[in-house]
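J.:
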């Protein structure tokens, strides 16, 4: 909550009032308190503000902000529908797209999802498949199963409350790359699918591993 006259809110101490444009539900106005107050001035920059429009040439500085190429049309507890936003300021970038509508459905039952996939009722399902489902769906020539590689991190933590600084240093010195690898193997990790790093600032700690089968990953020593 940005602002609430009755209960307050995270930013209420430096917001005077908020008003909604009755003619445009996507537009609102914020009246800030006196910014000469140092505390208000500092808090002002913690507010998640609407981006400032930077425009050149004939671009319209009054374009809608916060609406992408699709806009919300309908939603309930189990469904969301997005329709093509024809007034999107960069709609020419999507002129080649033939997608006019996107529907999201919450289907908690995996078997029901798989049934709809095979019938063609669902175009895309972001679902982690078990071996049985994967084998079953792979029989359909109309379906494509995509297996992305993502990064999973296994941590080794030290109890800083019970161990002295010297004890912690000794443990860290003992935790060689080979020892970490041994721990991972004891946890059942596939040795061909991980790398060992010594700190979170290691330059190889990337958010998404694109190298096929992790072939280019090496052990840190």
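Residue numbers (this note's numbering): 4 to 224. The beta carbon of each residue, even a glycine, is placed where N, CA and C say it ideally should be.
Give me whichever residues DSSP pairs with residue 22 in a beta bridge.
T.: Looking at the DSSP assignment, residue 22 forms a beta bridge with 32.
J.: From 117, 113, 75, 115, pick the residue whose C-alpha is nearest to that of residue 103; which is it?
T.: The shortest C-alpha separation from residue 103 is found at 75.
J.: Express the C-alpha separation of residue 200 and residue 161 in angstroms, rounding to a whole number.
T.: Answer to the nearest angstrom: the Cα atoms are 16 Å apart.
J.: In angstroms, rounded to a whole number, what distance separates the CA positions of residue 156 and residue 97?
T.: Each residue's Cα considered, the two are about 37 Å apart.
J.: Span of the alpha helix (DSSP H) holding residue 136?
T.: Segment 134-140, the alpha helix (DSSP H) holding residue 136.
J.: Can you confirm whether the stretch 111-121 touches the stretch 135-143 when touching is taken to mean that 3 or more C-beta pairs between the two stretches lie within less than 8 Å?
T.: At 8 Å Cβ cutoff, the stretches touch.
J.: Just to confirm before moving on: does the CB-CB distance between residue 100 and residue 82 stay below 7 Å?
T.: Their beta carbons are not under 7 Å apart, which means residue 100 does not touch residue 82 by this criterion.
J.: Using the Cα positions of residue 90 and residue 79, report the straight-line distance between them to the nearest angstrom.
T.: Approximately 25 Å between the Cα atoms of the pair.
J.: In its own chain, which residues sit with a C-beta less than 6 Å from the C-beta of residue 94, not counting the 5 before and 5 after it?
T.: The answer is none, since no qualifying residue turns up.
J.: In the stretch 87-128, which residue ranges form an unbroken alpha helix (DSSP H) of at least 4 residues, counting only runs that do not cross its ends?
T.: The stretch 87-128 contains these whole alpha helix (DSSP H) runs: 113-122.
J.: What is the DSSP secondary structure of residue 198, counted as helix, strand or coil?
T.: Residue 198: coil per DSSP, three-state reduction.
J.: Assign residue 50 to one of three DSSP states: helix, strand, or coil.
T.: Its pLDDT being 48, under 50, residue 50 is placed unreliably in this model, and the value from its coordinates should be taken loosely. In this structure, residue 50 counts as coil in the three-state DSSP scheme.
J.: Using the rule of at least 16 other Cβ atoms within 10 Å of the residue's Cβ for burial, across every protein chain shown, is residue 197 buried or exposed?
T.: It is buried - the Cβ of residue 197 has at least 16 other Cβ atoms within 10 Å.
J.: For residue 22 and residue 129, I'd like the C-alpha separation in whole angstroms.
T.: Residue 22 and residue 129: Cα-Cα distance of roughly 39 Å.
J.: Quick check on the burial criterion: 16 or more other C-beta atoms within 10 angstroms. Buried or exposed for residue 1?
T.: In the structure as shown, the chain starts at 4 and stops at 224, and residue 1 therefore has no counterpart that could be examined.
J.: For the beta strand (DSSP E) containing residue 78, name the first residue and the last one.
T.: It spans 73-78 - the beta strand (DSSP E) in which residue 78 sits, taken as one unbroken run.
J.: Assuming residue 189 is part of the alpha helix (DSSP H), what are its boundary residues?
T.: Start and end: 180-189.
J.: Please report the straight-line C-alpha distance between residue 19 and residue 32, rounded to a whole angstrom.
T.: Distance between the alpha carbons of residue 19 and residue 32: 11 Å.
J.: If we count the other Cβ atoms within 10 Å of its Cβ and call it buried at 16 or more, is residue 34 buried or exposed?
T.: Exposed, since its Cβ has fewer than 16 Cβ neighbours within 10 Å.
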